[in-house]
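These notes concern the structure reproduced below.
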Amino acid sequence: MDRRRRDTMDPGLPLRAEPPQDRASEQAAWPFVGRAAELTALEAVAGEVRNGGLRVVQLDGDAGIGKTTLLHHWLDGLPDFLVLRAHCHALERDFAFGTVRRLLRSLLAADPGIEHGHPLNGAADPVVRGLCLPDRPHHVSGARPDGAETIRSLTHLAFRLARRQPLLLAIDDVQSIDPPSLRWLAGLVHQADAHPVLLAVTTRTGERPAPEALFNELAHPSICRTVPLKPLAPESVERLVAEVFDTRPGDPSFAAACHAATDGHPLFLRALLCDARRSGVRPDSKGRERITTFGLHTLHREIRDRLCQGSEDTAALARGLAILGDRRPPELLAAYCGKGEAVIRCAAAELHALGLLRAGDELCFTHPVVRDTVRAQWSPQEVGEAHARAARVLHLDGRPDEEVAAHLLAAGPVQGGWAVSVLRRAAEEAVRRGAAETAVTYLRHAVHQPITPDEQAQVLLQLATAASHYDPTLAVSYAAGALEGLNDASLRTKAVGVITYSSLLTRDHRGLAVGLAGLTAELSTQELPAPSARERRLRKEALRWWLEFERPSLRSAPGQPSVRVDEELTGSTPGERQLLGIRAFDALRAGKPAGEVLELVNRAAVNLPTFSLDLFPLHYCVARSLLHLDQLDRAEQFCGDLLRETRARRLDLLSSSLLVYKASIQWARGDIGEAAATARAAAEGPWPKGEPPFRLSLEAIRIDTLVEQGDLETAETLAARHAGTDPADVSWEWSRFLMSLSALRTARGDLYGGLSLLRECGHHLATSGALSPVIAPWRSRAAVLQLALGRRREAHALLEEELALARRCEVPRALGVALLSQGAMTDGPRGLALLAEAVSTLERTPARLELARALHAYGRALMQRDDKAGARTAVRRGLDIATECGATSLAQRLQKRLHDAGGRATTRMAHPGGNLTVSEERVTALAAQGYSNKQIAQRLFVSLRTVETHLTRAYRKLHIDGRSQLVAALGNAGGSS
Numbered sequence: 004m005d006r007r008r009r010d011t012m013d014p015g016l017p018l019r020a021e022p023p024q025d026r027a028s029e030q031a032a033w034p035f036v037g038r039a040a041e042l043t044a045l046e047a048v049a050g051e052v053r054n055g056g057l058r059v060v061q062l063d064g065d066a067g068i069g070k071t072t073l074l075h076h077w078l079d080g081l082p083d084f085l086v087l088r089a090h091c092h093a094l095e096r097d098f099a100f101g102t103v104r105r106l107l108r109s110l111l112a113a114d115p116g117i118e119h120g121h122p123l124n125g126a127a128d129p130v131v132r133g134l135c136l137p138d139r140p141h142h143v144s145g146a147r148p149d150g151a152e153t154i155r156s157l158t159h160l161a162f163r164l165a166r167r168q169p170l171l172l173a174i175d176d177v178q179s180i181d182p183p184s185l186r187w188l189a190g191l192v193h194q195a196d197a198h199p200v201l202l203a204v205t206t207r208t209g210e211r212p213a214p215e216a217l218f219n220e221l222a223h224p225s226i227c228r229t230v231p232l233k234p235l236a237p238e239s240v241e242r243l244v245a246e247v248f249d250t251r252p253g254d255p256s257f258a259a260a261c262h263a264a265t266d267g268h269p270l271f272l273r274a275l276l277c278d279a280r281r282s283g284v285r286p287d288s289k290g291r292e293r294i295t296t297f298g299l300h301t302l303h304r305e306i307r308d309r310l311c312q313g314s315e316d317t318a319a320l321a322r323g324l325a326i327l328g329d330r331r332p333p334e335l336l337a338a339y340c341g342k343g344e345a346v347i348r349c350a351a352a353e354l355h356a357l358g359l360l361r362a363g364d365e366l367c368f369t370h371p372v373v374r375d376t377v378r379a380q381w382s383p384q385e386v387g388e389a390h391a392r393a394a395r396v397l398h399l400d401g402r403p404d405e406e407v408a409a410h411l412l413a414a415g416p417v418q419g420g421w422a423v424s425v426l427r428r429a430a431e432e433a434v435r436r437g438a439a440e441t442a443v444t445y446l447r448h449a450v451h452q453p454i455t456p457d458e459q460a461q462v463l464l465q466l467a468t469a470a471s472h473y474d475p476t477l478a479v480s481y482a483a484g485a486l487e488g489l490n491d492a493s494l495r496t497k498a499v500g501v502i503t504y505s506s507l508l509t510r511d512h513r514g515l516a517v518g519l520a521g522l523t524a525e526l527s528t529q530e531l532p533a534p535s536a537r538e539r540r541l542r543k544e545a546l547r548w549w550l551e552f553e554r555p556s557l558r559s560a561p562g563q564p565s566v567r568v569d570e571e572l573t574g575s576t577p578g579e580r581q582l583l584g585i586r587a588f589d590a591l592r593a594g595k596p597a598g599e600v601l602e603l604v605n606r607a608a609v610n611l612p613t614f615s616l617d618l619f620p621l622h623y624c625v626a627r628s629l630l631h632l633d634q635l636d637r638a639e640q641f642c643g644d645l646l647r648e649t650r651a652r653r654l655d656l657l658s659s660s661l662l663v664y665k666a667s668i669q670w671a672r673g674d675i676g677e678a679a680a681t682a683r684a685a686a687e688g689p690w691p692k693g694e695p696p697f698r699l700s701l702e703a704i705r706i707d708t709l710v711e712q713g714d715l716e717t718a719e720t721l722a723a724r725h726a727g728t729d730p731a732d733v734s735w736e737w738s739r740f741l742m743s744l745s746a747l748r749t750a751r752g753d754l755y756g757g758l759s760l761l762r763e764c765g766h767h768l769a770t771s772g773a774l775s776p777v778i779a780p781w782r783s784r785a786a787v788l789q790l791a792l793g794r795r796r797e798a799h800a801l802l803e804e805e806l807a808l809a810r811r812c813e814v815p816r817a818l819g820v821a822l823l824s825q826g827a828m829t830d831g832p833r834g835l836a837l838l839a840e841a842v843s844t845l846e847r848t849p850a851r852l853e854l855a856r857a858l859h860a861y862g863r864a865l866m867q868r869d870d871k872a873g874a875r876t877a878v879r880r881g882l883d884i885a886t887e888c889g890a891t892s893l894a895q896r897l898q899k900r901l902h903d904a905g906g907r908a909t910t911r912m913a914h915p916g917g918n919l920t921v922s923e924e925r926v927t928a929l930a931a932q933g934y935s936n937k938q939i940a941q942r943l944f945v946s947l948r949t950v951e952t953h954l955t956r957a958y959r960k961l962h963i964d965g966r967s968q969l970v971a972a973l974g975n976a977g978g979s980s
């Protein structure tokens with residue numbers, strides 16, 4: 004349109020006039036009105052942070068409501084805070100840690116020679132390695148850290164900054180944040196409750212980032228204050244009109260018309276008033292009539308008309324910015340638009356003049372509505388083609404693969420192998436950074452690119468590996484598809500490994516069926532005898548063993564799965580070490596001597612490499628063997644190392660399943676409270692997909708702990724969840740669950756039901772070839788019930804069998820448990836001697852709960868011989884141990900036995916507070932002294948949530964409702980001493 008014609012438009016036409024050259028400065032000085040209440044709320048939150056502690060504030064409102072303006076106006080008035088700002092972009096949602104990179108850009112742009120005392124000193128290097136910013140590649144050395152290491156480095160950096168001065172992290176449009184950045188922020192708010200950290204975010208109403216569960220933690224009402232932004236009130240619009248037109252007082256009817264036309268929406272108001280002022284409209288009754296022609300459609304039409312006023316170069320630049328995003332360098336935009344850099348700079352100046360670009364050197368639209376309007380003029384096909392062009396330009400410019408991949412995701416199939424290579428490299432980088440779901444997104448797109456069948460199979464294998472981090476059923480599906488197209492023997496073995504490993508972590512048997520069918524066929528094929536194929540043969544043998552162990556229905560023959568390799572194994576190769584670990588676990592289950600088993604474990608575990616799918620199930624066999632051999636210190640160290648490693652690599656399912664192993668160790672030590680807490684945390688998730696692996700093992704531990712704590716009703720509720728479980732689907736877990744279910748039935752007085760469950764347990768164990776009582780001492784438990792039902796001969800037969808197996812396996816715990824049961828069933832001096840031997844044997848083990856039971860039985864036997872002094876000594880010691888373990892039911896029985904023997908319980912034994920763990924005692928002691936939860940967290944260097952958890956458990960154990968009753972409850976404990 005001719006500009007001269009625009010300058011002489013009929014004033015009666017709708018508001019749409021040529022903008023003056025000083026439009027940018029006009030917009031920069033726009034008045035800020037109508038947000039006093041919101042500013043007061045924000046300042047109140049800032050004041051809370053200044054007093055110590057973390058807070059989150061959320062500005063929520065529709066697009067254009069003024070969230071960004073309010074946020075930055077407030078931030079500019081906080082000189083005592085260190086403010087880091089970032090604006091999230093929807094296109095970069097799949098860019099791992101993209102928001103963090105923008106957030107820390109000002110800090111990480113500092114000179115690499117960080118001086119002592121600089122806030123980045125000691126924290127910058129790991130963060131830089133983790134983020135690998137493209138503008139500082141020469142500072143990155145060594146291997147890039149994994150996701151959890153990056154998160155730890157970022158958290159450490161945030162704490163360092165907060166110790167110097169209050170830290171404010173401001174994130175605009177957080178609904179477009181990438182998941183890894185959101186994961187870091189969610190973790191930060193739980194760890195930083197004792198640090199002056201303020202997180203300020205803006206969100207569009209109704210839009211939440213994914214995963215939403217993480218955002219819900221971030222915006223939890225206990226730490227977050229939500230400030231909703233509404234349209235401006237009529238009085239605020241009147242004030243704005245007065246300031247824009249510099250008329251005080253103005254015509255109230257004109258302001259009322261502006262409010263009615265825009266509903267007080269700041270973005271529409273701004274466009275309306277700018278156009279009105281440029282068109283010569285005055286804030287009077289005549290101008291009021293023209294205001295009524297304005298609406299949202301007018302705003303979009305206004306933007307389109309302004310674009311039409313510019314040249315073709317201006318339109319090309321607008322399209323480039325709409326696709327590539329704000330703040331792109333002119334040379335990159337020139338390459339995208341196919342123009343010279345000088346042409347782009349001229350076009351940028353023209354867009355500034357049109358009021359569509361912000362003032363400043365960086366090229367940035369004045370508002371996202373401008374971008375939306377530009378993109379709305381294209382068809383979906385044109386948008387895809389534009390993103391494909393952007394991807395190629397960024398790729399040729401050497402931009403990071405993840406940045407290129409973000410555009411490839413928005414494009415259709417792209418010709419040329421470069422696109423698949425970019426997507427695969429971006430997926431590898433995403434996995435390293437702990438964003439496996441992002442990697443799967445990239446690879447799914449790669450599968451649909453024009454590639455050869457062989458390369459497609461390789462992409463499917465990469466997809467399966469990435470999916471195994473969080474969704475084993477999906478991993479099995481992709482790996483099965485890869486097997487159909489892979490020709491390379493090594494890659495086929497790797498696909499088999501993914502399926503086998505994933506079968507450990509899923510209970511979706513329908514989704515697993517296809518993968519297992521292909522797996523069985525693959526493991527049945529014979530490798531050539533060539534030396535180069537030996538490792539594959541050993542690897543396949545290890546996987547075949549695991550499959551038969553985990554899925555008994557797939558065994559070629561009944562009984563214990565065995566390794567069909569007769570050659571000598573030195574442990575010098577990964578395949579040999581896997582088979583050594585399997586042989587150790589096999590020997591343990593078969594009841595071989597502990598020394599022989601431990602020697603195999605040591606050979607398999609010496610200088611054990613980090614976990615990988617190629618080594619599975621080596622770590623599993625070593626871990627289980629250490630647990631059942633009662634090498635609990637080594638098992639605990641092994642578990643801790645694996646947890647740190649798997650969390651660092653964001654192997655979420657595996658690291659969460661290790662909590663089952665951790666709870667098993669705690670149960671074996673007799674730490675009932677800790678085992679219950681760990682198992683409950685593992686069972687309640689959150690799990691990435693579906694229910695957790697080892698669900699039955701978790702529930703078995705929870706039932707056992709609840710029975711020992713005397714909470715039979717809750718235990719029944721847990722047991723009822725698995726009333727319809729098919730034992731064929733749960734393999735070895737079923738026997739463990741049956742043991743726990745039997746203990747529950749017995750505790751409720753159902754001896755016949757308890758015995759029936761133990762018999763079924765024994766049948767499953769015998770079918771699988773697990774004879775050793777270190778796996779499950781079901782015979783001794785069944786013998787006790789047989790005797791109680793008057794079946795002495797059957798009881799003694801079971802006991803003799805278990806005692807013989809226990810002596811053969813040479814594990815003191817198993818021997819002590821068998822001696823305890825036999826001693827309790829034997830009268831006279833012989834029974835007393837057996838019980839004394841049981842106590843002596845268990846004293847040399849970490850089995851504290853079993854020792855407390857043995858002392859109870861030994862004290863009862865001494866009472867029968869009228870040795871009350873000896874009985875009191877034994878029972879009091881057993882009571883001490885049971886109380887420390889948190890075994891409420893056993894402690895009550897011991898306390899009664901002590902009373903019968905003429906003894907009196909100490910304060911800790913007699914009072915419910917005696918069941919508190921050491922951590923609970925520390926927290927309750929400080930709470931009783933008047934410390935707040937936040938102060939307790941600061942003194943004990945724990946999170947606020949940990950303090951709340953300990954107090955909740957303590958209240959339950961002390962039978963009180965809250966903090967107000969704590970002093971009296973603990974005082975009663977002290978008064979009874």
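Every letter in the sequence shown is one number past the one before it in our numbering, and letter 422, counting from 1, is 425.
Think of the CB as a built atom: it goes at the ideal place given N, C-alpha and C, for glycine as much as any other residue.
Note that the structure is predicted; figures quoted are calculated from it, not measured.
Rounded to the nearest angstrom, the Cβ distance from residue 621 to residue 580 is 6 Å, consistent with a contact under 8 Å. Your pair residue 358 and residue 322 does not check out as a contact, with CB atoms roughly 18 Å apart and the cut at 8 Å. Shown here, residue 174 sits in a strand according to DSSP, grouped into three states.
When secondary structure is reduced to three states using DSSP, residue 368 falls in the strand class. With a cutoff of 8 Å on beta-carbon distance, residue 394 and residue 411 are scored as near each other. Around the C-beta of residue 636, fewer than 16 other C-beta atoms lie within 10 Å, and the residue is accordingly described as exposed. The Cβ atoms of residue 550 and residue 496 lie no closer than 8 Å to each other. If you ignore the 5 residues before and after residue 172, its C-beta comes within less than 6 Å of the C-beta of 87 and 202, all in its own chain and listed in chain order. Among the bridge pairs identified by DSSP, residue 206 is matched with 63.
In this structure residue 902 is exposed. Its beta-carbon is surrounded by fewer than 16 other beta-carbon atoms within 10 angstroms.
Non-local C-beta neighbours of residue 600 in its own chain, meaning closer than 6 Å and more than five positions away in sequence, comprise 587, 590 and 591, ordered along the chain.
Taking 8 Å as the upper bound for CB-CB distance, residue 818 and residue 673 are not in contact here, some 17 Å apart.
In the three-state reduction of the DSSP assignment, residue 820 falls in the helix class. Excluding sequence positions up to five before and after residue 370, its CB lies within less than 8 Å of the CB of 67 and 270, all in the same chain and listed in chain order.
Annotation: residue 763 to residue 789 spans about 15 Å, alpha carbon to alpha carbon. The shortest C-alpha to C-alpha distance from residue 153 to any of 629, 435, 669 and 884 is the one to 435. The beta carbons of residue 196 and residue 947 sit closer together than 8 Å. Assigned with DSSP and collapsed to three states, residue 235 falls in coil, not helix or strand. Counted as a single uninterrupted DSSP element, the stretch harbouring residue 604 is not any beta strand (DSSP E) but the alpha helix (DSSP H) occupying residues 597 to 608. Of the other Cβ atoms in all chains shown, 16 or more fall within 10 Å of the Cβ of residue 445; this residue is therefore buried.
Residue 537: member of the alpha helix (DSSP H) spanning 537 to 553, first to last residue. Boundaries of the alpha helix (DSSP H) around residue 470: 456 to 470.
Judged by pairs of C-beta atoms under 8 Å, the region 43 to 56 does not touch the region 205 to 216, as fewer than three such pairs exist. Residue 750 has its alpha-carbon roughly 11 Å from the corresponding atom of residue 716. Three or more pairs of CB atoms, one per stretch, sit closer than 8 Å, so the region 822 to 829 contacts the region 853 to 873. When DSSP states are grouped into helix, strand and coil, residue 441 belongs to the helix group. With fewer than 16 other CB atoms across the displayed protein chains lying within 10 angstroms of its CB, residue 223 is exposed. The beta carbon of residue 891 sits closer than 8 Å to those of 711, 712, 713 and 918, all from its chain and outside the five residues before and after it, given in chain order.
Ranked by how close their Cα comes to the Cα of residue 597, the residues 437, 962 and 628 have 628 in first place. In this structure, the beta-carbon distance from residue 822 to residue 844 falls below 8 Å. DSSP places residue 810 in the uninterrupted alpha helix (DSSP H) bounded by 795 to 812.
Contact between residue 320 and residue 350 is confirmed by a C-beta separation of about 4 Å, below the 8 Å threshold.
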